[in-house]
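Undergrad: The structure follows.
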Amino acid sequence: MDIKMNVKDLKEVTDLLLTLVTEAKFEFSKKGLSVKCVDLAHVAMIVLELNKEAFLEYDVTEDTELGIDLEKIKDFLKNTSSTDVIEMKKEDSKLLLTVGYLSRTMQTIDPSSITVPKVPSLGLPAKAVVPTEQFAGGIKVAENISDNITLHITPTEFRLYSTGDEDSTRLIIPKDLLKDLKCDSEVKSLYPVDYLLRFIKAINSEYVTVNLGTDYPVKIEFDICNGKGTGVFLLAPRIEE
Amino acid sequence: MIEWAEKYRPKSLKDIVGNQDAIQKIREWGESWKSGNIPKKKALVFEGKPGVGKTSTALALANDFGWGIIELNASDIRNEEHIKEIAMRGSLYETFSDNGDFLSSKEGKRKLIIIDEADNLYEGKGDSGDRGGRKAIIETVKVTMQPVILIVNDPYELFKGEQGQVLRNLVEEIKFRSLNYKQISSSILKMICARENIIVDRNILDRIAQKSGGDVRAAINDLQMLAQGKKTITEKDLENLGSRDIVENIYSATLNIILSMSMKTSREVLNSVDEDPSLIMQWIDENIAHEYLDTEDLSRAFDYISDANLYLGRIRRLQYYGFLSYVYDFLAAVSIAKKHKYGIHGKLNSPDFLKAMAQRKRSKDYRDIISQKLSKITHQSQDSTNFEFFEIFMRIFRNDINFAAWNTVILNLSEEEIEFLTGNENVEKILEKSKDIMKKMGNNA
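Going down the list, the protein sequences come from chains A and B. Per my numbering, the first sequence starts with residue 1, numbered consecutively. Per my numbering, the second sequence starts with residue 1001, numbered consecutively.
Next comes the structure, spelled out in structure tokens:
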């Protein structure tokens, strides 16, 4: 396995994964790269897919699984510029990272020690395509209000609100300001705000597609690496008393 | 190579051997979670020695009900932050299983949070330790919307102190008893041999089971070791297991010294024991008083032991191992300290002095707790109560059941505290009587 990609893209991938885990299994096939992970509390999942076209060079002749310590990658990338190109090459049980004249090897982790979740098919009834900037704003203002935030889709609007002991916040986006809205009857669930916050800070997608049900996980689809790949974020709802 | 202890871990509660009352209680608790009525006690504490099936039962429960699992082991960092991030978070939200299912608690699909060795947190040892771990466990148990199981060897460690008492009121304790050797041999070892196509005499399985002292994992490991690369296990293999065991060596040396009347043979036996001489001394020291029934014999024996100890001290101080020979001489002399010949009474005890040290620490803790309670009545500090009153209090407590019962009520003493005060006598009676007193007080009020 020997590939080249933009430092910026690799950084985006690692930052996203680091919101949930510190180690992840990178699965390279002839078609491209796939990474799936679930956090230790089994509350959230991230699935990332990058086609081989997303890479500058992609030489993978057989399926390769790499167990990667994400912090190590992140530390290495700190010393590079986002316009650089990074080469990743597997050498036995080690991974060789090269950017220009700078390189480091890192010991990979036994991939069988990292669990890769299967991704559930959820059949969520409502969908809203929301501008990321506004979505992020709605979550950021809720940060210090409560541990939880409600996502709510009605046939006419997308809502996001949180209610604390004293204060409350809300974001309402009407249908015509959304890129798309599909909803027959309203649905809503309560989610942990800090997971959403970490997630939203890590993405660069212009829009996010929010798929929602009542007391069901939310499935947020988004673009990664300037539209060269796709990501899915799944978050389980709070158990209501 | 797969460990058999893992390979044959029971998958379902109905496959668990022994402790059927406990299993039934656990099943009912699980049913309650499944039906959507969150039980009053949201956490269970599994208490019992290693290898009695605590972890297996927890895993089997999750498997039977199709629940997800979050497991925090002793090998994980378990400080306040981590427990809150993983266990407490997991306890408030719905869950995804490893199979890629969404588990909805409305459909009875839960996430079982297992904190293994919850009595074994390394608290207060710098940042890398499990600081605040117990506090976070307690908070998790308070707020959880998902079933929680704490697994401990020593419930006292978990329940000590005021925080511990709070926790104790929040949980239901499930005691796991050791399996007897017949259960281990005929229900577990036999099944494994059948599945592994190993031919072995029943009698041999019994002996492996006996040797495990009720620890199923130990028994299975021994069996696996004996069966390595073989299809039959014979009496002779069993001897290998014995001679590989160092404790057996010390055991037989101790036995020899107690039984033998000859210094020469004892000295030879001691020479052949490949173990720390101070450990051998502790073995003899631990057991001699049970066997030398004549006090003069015993007195002479202890004289020799103390001489041996003197030389051990000198070796340590001077780092001069030439004295080791004298240590063995004096230890061997224990066998000629007796004027009578003795048979052996029962099993020799292991001088588990680490255990003894833990015990000592524990009694000090109990003494502190009781003194603290008592100090509210004596209107003194805990220290002066401890110093001035405790001994007298304990003496009266031991001798006067009425006094004991009343003070149990007044000071709200726990069963363990009563056990500590009375040296484990009349505990039932005192508890019963204190219950009567409570009842009467309730009627008058």
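Idealized CB from N, CA, C, for every residue including glycine.
For the alpha helix (DSSP H) holding B/W1155, just list the boundary residues, first then last.
TA: For the purposes of this step, residue 1155 of chain B is taken as the residue at position 155 of the second sequence. For the sequence presented, residue 1155 of chain B should be read as Pro rather than Trp. It spans 1155 to 1159 - the alpha helix (DSSP H) in which B/P1155 sits, taken as one unbroken run.
Undergrad: Using the Cβ count rule (16 or more neighbours within 10 Å means buried), how would you classify B/A1337?
TA: For the purposes of this step, residue 1337 of chain B is identified with residue 337 of the second sequence, where counting begins at 1. Buried.
Undergrad: Give me the Cα-Cα distance between A/D148 and B/Q1146, rounded to the nearest whole angstrom.
TA: The residue given as residue 148 of chain A occupies position 148 in the first sequence. The residue given as residue 1146 of chain B occupies position 146 in the second sequence. In the sequence as displayed, the identity of residue 148 of chain A is Asn instead of Asp. Rounded to whole angstroms, A/N148 to B/Q1146 spans 17 angstroms at the Cα level.
Undergrad: If we count the other Cβ atoms within 10 Å of its Cβ and call it buried at 16 or more, is B/S1243 buried or exposed?
TA: The residue you call residue 1243 of chain B lines up with position 243 of the second sequence. Since pLDDT at B/S1243 reaches only 38, below the 50 mark, its modelled position is unreliable, and the value read off the structure follows with that caveat. Exposed.
Undergrad: Go to A/F158, then tell me how far its beta strand (DSSP E) extends in each direction, as first and last residue.
TA: Position 158 of the first sequence, counted from the start, is the residue given in the question as residue 158 of chain A. Per DSSP, A/F158 belongs to the beta strand (DSSP E) from 157 to 163.
Undergrad: Along the region 1060 to 1090 of chain B, what residues have a CB closer than 8 angstroms to any CB found in chain A?
TA: Answer set for the region 1060 to 1090 of chain B: G1068, I1070, E1085, I1086, A1087, R1089, G1090.
Undergrad: Report the three-state DSSP secondary structure of B/K1125 (helix, strand or coil).
TA: The count along the second sequence starts at 1 and reaches residue 1125 of chain B at position 125. Unreliable placement is indicated for B/K1125, whose pLDDT of 49 sits below 50; no coordinate value is reported for it.
Undergrad: Taking DSSP's pairing of strands, which residues face B/S1049 in a bridge?
TA: Your numbering for residue 1049 of chain B matches position 49 in the second sequence. The residue asked about is misnamed: residue 1049 of chain B is Lys in this sequence, not Ser. Answer is none; B/K1049 lacks a bridge partner.
Undergrad: Is the Cβ-Cβ distance between B/F977 and B/K1054 less than 8 angstroms?
TA: Chain B is shown from 1001 up to 1445; residue 977 of chain B falls before or after that span and cannot be answered.
Undergrad: Shorter than 8 angstroms from the beta carbon of B/K1231 to some beta carbon of chain A?
TA: Locating residue 1231 of chain B in the second sequence gives position 231, where the first residue counts as 1. No, B/K1231 lies away from the interface with chain A (no Cβ there is under 8 angstroms from its Cβ).
Undergrad: Whose CA, out of B/I1250, B/E1162, B/W1029, B/E1432, lies closest to the CA of B/N1402?
TA: Taking the second sequence and counting its residues from 1, one reaches residue 1402 of chain B at position 402. Ranking the options by Cα distance to B/N1402, first place goes to B/E1432.
Undergrad: Could you tell me the distance, in whole angstroms, from the CA atom of B/E1196 to the CA atom of B/V1273?
TA: Counting from one through the second sequence, the residue named residue 1196 of chain B turns up at place 196. Counting from one through the second sequence, the residue named residue 1273 of chain B turns up at place 273. Spanning the two alpha carbons is a distance of roughly 36 angstroms.
Undergrad: Give the residues from the region 1092 to 1117 of chain B that approach chain A closer than 8 angstroms (Cβ to any Cβ), ordered along the chain.
TA: Listed in sequence order: L1092, Y1093, E1094, T1095, F1096, S1097, D1098, N1099, G1100, D1101, F1102, S1104, S1105, K1106, K1111.
Undergrad: I want to know whether the region 223 to 231 of chain A touches the region 1008 to 1015 of chain B - three or more CB-CB distances under 8 angstroms.
TA: In short, these stretches do not touch, since the Cβ pair count stays below three.
Undergrad: Check the Cβ of A/V119 against every Cβ in chain B and list those closer than 7 angstroms, keeping chain order.
TA: The count along the first sequence starts at 1 and reaches residue 119 of chain A at position 119. The answer, in chain order, is G1100.
Undergrad: Bridge partners of A/M106, per DSSP?
TA: The residue you call residue 106 of chain A lines up with position 106 of the first sequence. According to DSSP, A/M106 bridges with A/L95.
Undergrad: So, using beta-carbon positions, are B/D1130 and B/R1202 closer together than 8 angstroms?
TA: Taking the second sequence and counting its residues from 1, one reaches residue 1130 of chain B at position 130. Taking the second sequence and counting its residues from 1, one reaches residue 1202 of chain B at position 202. For B/D1130 and B/R1202, no; Cβs fall outside 8 angstroms.
Undergrad: Hey, how far is the Cα of B/L1170 from the Cα of B/N1153?
TA: Reading the second sequence from its first residue, position 170 is the one you call residue 1170 of chain B. Reading the second sequence from its first residue, position 153 is the one you call residue 1153 of chain B. If I take the Cα positions, the gap works out to 19 angstroms.
Undergrad: Consider the Cβ of A/L264: report whether some Cβ of chain B lies at a distance smaller than 8 angstroms.
TA: No answer is possible for residue 264 of chain A: it lies beyond the span of chain A, which begins at 1 and ends at 241.
Undergrad: Quick check: what's the CA-CA separation for B/L1189 versus B/L1223?
TA: Taking the second sequence and counting its residues from 1, one reaches residue 1189 of chain B at position 189. Taking the second sequence and counting its residues from 1, one reaches residue 1223 of chain B at position 223. Taking the straight line from one Cα to the other gives about 8 angstroms.
Undergrad: Just the C-alpha distance for A/T214 and A/T163, rounded to the nearest angstrom, thanks.
TA: Walking along the first sequence from the start, residue 214 of chain A turns up at place 214. Walking along the first sequence from the start, residue 163 of chain A turns up at place 163. If I take the Cα positions, the gap works out to 18 angstroms.
Undergrad: Let me see if you follow: with CB-CB separation under 8 angstroms, is B/M1145 close to chain A or not?
TA: Position 145 of the second sequence, counted from the start, is the residue given in the question as residue 1145 of chain B. Chain A, which has a Cβ nearer than 8 angstroms to the Cβ of B/M1145, makes this yes.
Undergrad: Under 8 angstroms, do B/I1258 and B/E1291 count as touching if we go by C-beta distance?
TA: If you number the second sequence from 1, residue 1258 of chain B lands on position 258. If you number the second sequence from 1, residue 1291 of chain B lands on position 291. In contact: B/I1258 and B/E1291 (Cβ atoms closer than 8 angstroms).
Undergrad: For chain B, find out if any of its Cβ atoms is closer than 8 angstroms to the Cβ of A/L122; answer yes or no.
TA: Here residue 122 of chain A refers to the residue found at position 122 of the first sequence. Cβ-Cβ to chain B under 8 angstroms: yes for A/L122.
Undergrad: Quick check: B/Y1093 and A/V43, are their CB atoms within less than 8 angstroms of each other?
TA: Walking along the second sequence from the start, residue 1093 of chain B turns up at place 93. Walking along the first sequence from the start, residue 43 of chain A turns up at place 43. Going by C-beta atoms, B/Y1093 is nearer than 8 angstroms to A/V43.
Undergrad: Once you ignore the five residues that flank B/L1374 on each side, which residues in its own chain have a CB closer than 8 angstroms to its CB?
TA: Position 374 of the second sequence holds residue 1374 of chain B. T1385, F1389, F1390, F1393, L1411, listed in sequence order.
Undergrad: Rounded to the nearest angstrom, what separates B/N1426 and B/K1041 at their Cα positions?
TA: As a first step, residue 1426 of chain B must be located in the second sequence, where it is residue number 426. As a first step, residue 1041 of chain B must be located in the second sequence, where it is residue number 41. The straight-line gap from Cα to Cα measures roughly 30 angstroms.
Undergrad: Compile a chain-ordered list of the residues in the region 208 to 232 of chain A whose CB is closer than 9 angstroms to at least one CB of chain B.
TA: Here the close residues are D215, Y216, P217.
Undergrad: Quick one: Cα of B/L1112 to Cα of B/V1166, how far?
TA: Taking the first residue of the second sequence as 1, we reach residue 1112 of chain B at position 112. Taking the first residue of the second sequence as 1, we reach residue 1166 of chain B at position 166. Near 22 angstroms, if we compare the C-alpha coordinates of B/V1166 and B/L1112.
Undergrad: Given that A/P237 touches chain B, what residues does it touch there, using C-beta distances under 7 angstroms?
TA: As a position in the first sequence, residue 237 of chain A is number 237, starting the count at 1. Within chain B, the residues near A/P237 are Y1093, E1094.
Undergrad: Does B/S1458 pass the burial test, meaning 16 or more other C-beta atoms within 10 Å, or should it be called exposed?
TA: No answer is possible for residue 1458 of chain B: it lies beyond the span of chain B, which begins at 1001 and ends at 1445.
Undergrad: Using a Cβ cut-off of 7 angstroms, which residues of the region 165 to 198 of chain A contact any Cβ in chain B, in chain order?
TA: Going along the region 165 to 198 of chain A in chain order, one finds P192 with a Cβ nearer than 7 angstroms to chain B.
Undergrad: For the region 194 to 203 of chain A and the region 138 to 145 of chain A, state whether three or more C-beta atom pairs, one from each stretch, are separated by less than 8 angstroms.
TA: Touching, yes, given that three or more Cβ pairs across the two stretches are closer than 8 angstroms.
Undergrad: Would B/S1035 and B/G1132 be called neighbours here (beta carbons separated by less than 8 angstroms)?
TA: In the second sequence, counting from the first residue as 1, residue 1035 of chain B sits at position 35. In the second sequence, counting from the first residue as 1, residue 1132 of chain B sits at position 132. Going by C-beta atoms, B/S1035 is not nearer than 8 angstroms to B/G1132.
Undergrad: For B/A1062, collect the residues of the same chain with a Cβ closer than 6 angstroms to its Cβ; drop the 5 residues on either side in sequence, then sort them by chain order.
TA: Walking along the second sequence from the start, residue 1062 of chain B turns up at place 62. Result list for B/A1062: I1069, L1112, in chain order.
Undergrad: Identify every run of the alpha helix (DSSP H) within the region 1181 to 1247 of chain B, keeping only runs that are complete inside it and at least 4 residues long; order them along the chain.
TA: Taking only runs of at least 4 residues, the alpha helix (DSSP H) segments lying wholly in the region 1181 to 1247 of chain B are 1190 to 1195, 1202 to 1212, 1216 to 1227, 1235 to 1243.
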